[in-house]
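Numbering (the UniProt record's numbering), first residue to last: 1 to 52. Don't be surprised by glycine CBs; every beta carbon is placed ideally from N, CA and C. Down below is the structure, laid out as structure tokens.
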């Protein structure tokens, strides 16, 4: 599932720490509500990808 952001909202972001001998460096995001809540309130829309 892929979601498109339709309007801005507050979010916290930080670098992912290494864990269980795995590399890190990615970015993780923390939302104040569930993804479903953001969808219901019009912040996100689900995008369907069709492979041809």
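Please classify residue i as buried or exposed, where buried requires at least 16 neighbouring CB atoms within 10 angstroms.
i          : result
residue 38 : buried
residue 44 : buried
Pop quiz: residue i and residue j are said to be a contact at Cβ under 8 angstroms. What is the actual Cβ separation, rounded to whole angstroms?
i          : j          : result
residue 13 : residue 29 : 5 angstroms
residue 31 : residue 11 : 6 angstroms
State the Cα-Cα distance for the pair residue i and residue j, rounded to the nearest angstrom.
i          : j          : result
residue 41 : residue 50 : 26 angstroms
residue 52 : residue 2  : 17 angstroms
residue 33 : residue 5  : 14 angstroms
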